[in-house]
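Engineer:
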Amino acid sequence: MDVFATHPCRLGEGPLWHPTRKALFWFDILDKSLHCKGATRHSWSFDEYVSAAGWVDDDTLLIASASGLWRFDISSGARELVVPLEADDPATRSNDGRADPQGGFWIGTMGIKAEAHAGAIYRYYRGEPRKLFDRITISNAICFAPDGGTAYFADTFSQRIRKVALDTDGWPKGEPEVFVDLRADGLNPDGAVVDADGNLWNAQWGAGRVACYGADGVFKRSILVPASQATCPAFGGPEGTTLFVTTAANGVDEGQGGMTFSIDAGVMGQQEHQVIL
0 MDVFATHPCR
10 LGEGPLWHPT
20 RKALFWFDIL
30 DKSLHCKGAT
40 RHSWSFDEYV
50 SAAGWVDDDT
60 LLIASASGLW
70 RFDISSGARE
80 LVVPLEADDP
90 ATRSNDGRAD
100 PQGGFWIGTM
110 GIKAEAHAGA
120 IYRYYRGEPR
130 KLFDRITISN
140 AICFAPDGGT
150 AYFADTFSQR
160 IRKVALDTDG
170 WPKGEPEVFV
180 DLRADGLNPD
190 GAVVDADGNL
200 WNAQWGAGRV
210 ACYGADGVFK
220 RSILVPASQA
230 TCPAFGGPEG
240 TTLFVTTAAN
250 GVDEGQGGMT
260 FSIDAGVMGQ
270 QEHQVIL
């Protein structure tokens with residue numbers, strides 16, 4: 000893989016290719032910062048943990064923080080609270096999140112010290128926040144099939160990626176089921192994204208790779224990442240075939256730990272879906 004950004008994030012997360020700005024946004028959760036690289040490079044600092052975003056329009060992101068979902072003006076750096084998110088619980092923070100094809104935004108929470116079952120997964124859709132799943136230890140792998148009929152998510156602690164069917168408005172229907180069980184291989188599912196053909200690409204914490212699984216859950220191939228703690232992939236770039244991967248430097252002594260990487264994966268990704276506020 001190529002080094003896309005040399006800045007070493009303590010806990011890189013939430014890469015988002017903004018389709019109209021032609022730029023990658025990503026977070027360093029522990030540093031409480033947001034970074035952007037396109038034609039130019041920008042960074043913003045926050046007073047709380049921030050972890051994931053969706054794009055609203057050319058100038059606006061919806062950003063998830065430890066206390067809420069925020070409307071963020073890219074040009075000015077100003078933010079406005081859209082809805083609180085576990086704001087009354089100082090022991091939790093946001094983690095993995097992504098917009099769905101219907102325009103909703105899914106966001107997972109977790110304990111700041113990864114306390115067992117302290118987190119949950121929520122969906123914000125057209126002004127309504129709703130808790131979908133609770134008793135999550137480390138929320139991750141939130142992503143969606145291209146037709147909008149299936150959502151994926153994981154609790155890294157459980158070492159399983161789950162899937163759940165969605166109705167036409169993007170709300171879960173029925174109970175989640177196991178999509179990929181990684182316990183036998185000792186692998187830890189972190190962030191994930193689905194390409195245009197419906198294959199799921201999962202960053203696997205501690206394994207230094209992004210693994211690709213077909214829509215049937217069968218392993219297809221993997222791409223090695225030159226840092227052990229791969230955290231989250233995202234598709235983007237000029238042709239939509241570039242796979243970006245964030246990593247984490249916290250707790251490891253690696254020359255490239257925490258850097259953000261890229262590679263032409265040879266497949267077309269989905270364009271990141273637009274959030275409807």
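Everything in the sequence shown is counted per numbering that gives the first Met the number 0, starting at 0 for the first residue and increasing by one.
The C-beta atom is built at its ideal place from N, Cα and C for all residues, glycine as well.
It should be emphasised that the depicted structure is a prediction, and the values quoted were computed from it without experimental measurement.
(1) When DSSP builds the beta bridges, which residues end up paired with Tyr123?
(2) Got a sec? Which residues, its chain only, sit under 6 Å from Ser261 by beta carbon, not counting five neighbours each side?
(3) Could you name the residues of the same chain whose beta carbon sits closer than 6 Å to that of Ile28, not counting the 5 residues immediately before and after it, in chain order?
(4) Suppose the cutoff is 7 Å on Cβ atoms and the five residues either side in sequence are ignored; what does the same chain contact list for Asp263 look like?
(5) Counting only runs of 4+ residues fully inside the region 216 to 244, write out the alpha helix (DSSP H) ranges in chain order.
(6) Which residues does DSSP pair with Lys162 in a beta bridge?
(7) Please check the pair Asp189 and Ala229, which I expect to be a contact at CB under 8 Å, by giving their CB distance rounded to whole angstroms.
(8) Check whether the Cβ atoms of Met109 and Ile141 lie closer than 8 Å to each other.
(9) How big is the Cα-Cα spacing for Val274 and Val82?
(10) Thinking just about the alpha-carbon of each residue, which of Ile160, Leu199 and Tyr121 is nearest to the one in Pro171?
(11) Can the beta-carbon of Cys8 be found less than 8 Å from the beta-carbon of Thr245?
(12) Could you tell me the alpha carbon to alpha carbon distance between Pro175 and Ala144, rounded to whole angstroms?
(13) DSSP on Ala63, reduced to helix/strand/coil?
(14) DSSP state of Ala22, grouped into three classes?
(15) When you compare only the Cα positions, how much space is there between Gly256 and Val224?
(16) Take the Cβ of Met267 as the centre, count every other Cβ of all protein chains shown within 10 Å, and call the residue buried at 16 or more, exposed below.
(17) Give me the DSSP bridge partner(s) of Pro171.
(18) For Leu10, report the span of its beta strand (DSSP E) as first-last.
(19) What does a CB cutoff of less than 6 Å around Asp180 pick up in its chain, not counting 5 residues either side in sequence?
(20) For Phe26, count neighbouring Cβ atoms within 10 angstroms of its own Cβ and tell me buried if that reaches 16, exposed if not.
(21) Between Gly147 and the rest of its own chain, which residues show a CB-CB distance below 7 Å, the 5 nearest in sequence each way excluded?
(22) What is the DSSP secondary structure of Ala38, counted as helix, strand or coil?
(23) Do Ala153 and Glu114 count as a contact pair if the criterion is CB distance below 8 Å?
(24) When the distance is taken between beta carbons, is Ala63 closer than 8 Å to Leu84?
Structural biologist: The relevant details are as follows:
(1) Within the sequence shown, the letter at position 124 stands for residue 123. Tyr123 is bridged to Phe104 and Pro128.
(2) Mapped onto the sequence shown, residue 261 falls at position 262. Within the same chain, Ser261 has close Cβ partners Asp1, Phe3, Thr241 and Phe243.
(3) To locate residue 28, count along the sequence shown from 1; it is residue 29. So the list reads Leu10, Glu12, Tyr48 and Ser50, once near-sequence residues are dropped.
(4) Within the sequence shown, the letter at position 264 stands for residue 263. The answer, listed in chain order, is Thr240 and Thr241.
(5) none
(6) Working through the sequence shown from its first residue, we reach residue 162 at position 163. For Lys162, which the question treats as bridged, DSSP gives the partners Tyr151 and Glu176.
(7) On the sequence shown, residue 189 is found 190 positions in, with the first residue counted as 1. On the sequence shown, residue 229 is found 230 positions in, with the first residue counted as 1. The distance from the Cβ of Asp189 to that of Ala229 is about 7 Å, consistent with a contact at the 8 Å cut-off.
(8) The count along the sequence shown starts at 1 and reaches residue 109 at position 110. The count along the sequence shown starts at 1 and reaches residue 141 at position 142. No; because the gap between Cβ atoms is not below 8 Å, this pair is not in contact.
(9) For the purposes of this step, residue 274 is taken as the residue at position 275 of the sequence shown. For the purposes of this step, residue 82 is taken as the residue at position 83 of the sequence shown. The alpha-carbon atoms of Val274 and Val82 are separated by roughly 14 Å.
(10) The count along the sequence shown starts at 1 and reaches residue 171 at position 172. Nearest of Ile160, Leu199 and Tyr121 to Pro171, Cα basis: Tyr121.
(11) In the sequence shown, counting from the first residue as 1, residue 8 sits at position 9. In the sequence shown, counting from the first residue as 1, residue 245 sits at position 246. Cβ atoms of Cys8 and Thr245: closer than 8 Å.
(12) For the purposes of this step, residue 175 is taken as the residue at position 176 of the sequence shown. For the purposes of this step, residue 144 is taken as the residue at position 145 of the sequence shown. C-alpha separation (whole angstroms): 15 Å.
(13) For the purposes of this step, residue 63 is identified with residue 64 of the sequence shown, where counting begins at 1. Looking at Ala63 - three-state DSSP - the assignment turns out to be strand.
(14) Along the sequence shown, read from residue 1 onward, the residue named residue 22 stands at position 23. If DSSP states are grouped into helix, strand and coil, Ala22 belongs with the strands.
(15) Here residue 256 refers to the residue found at position 257 of the sequence shown. Here residue 224 refers to the residue found at position 225 of the sequence shown. Approximately 10 Å between the Cα atoms of the pair.
(16) Position 268 of the sequence shown, counted from the first residue, corresponds to residue 267. Per the 10 Å Cβ criterion, exposed.
(17) Looking up residue 171 in the sequence shown gives position 172. Pro171 pairs with Leu165.
(18) Position 11 of the sequence shown, counted from the first residue, corresponds to residue 10. Segment: none, Leu10 is in no beta strand (DSSP E) and carries neither H nor E.
(19) The count along the sequence shown starts at 1 and reaches residue 180 at position 181. Answer for Asp180: Arg159, listed in chain order.
(20) The residue labelled residue 26 in the question sits at position 27 within the sequence shown. Under this definition Phe26 is a buried residue.
(21) Reading the sequence shown from its first residue, position 148 is the one you call residue 147. Shown here for Gly147: same chain residues with a beta carbon closer than 7 Å to its own, the five before and five after excluded, namely Asp99, Pro100, Gln101, Leu165 and Gly169 in chain order.
(22) Stepping through the sequence shown from its first residue, residue 38 is reached at position 39. It is coil, neither helix nor strand.
(23) Translated into the one-based positions of the sequence shown, residue 114 becomes position 115. Translated into the one-based positions of the sequence shown, residue 153 becomes position 154. For the pair Glu114 and Ala153, the CB atoms are not nearer than the 8 Å cut-off.
(24) Indexing the sequence shown from 1 puts residue 84 at position 85. Indexing the sequence shown from 1 puts residue 63 at position 64. Contact flag set, yes.
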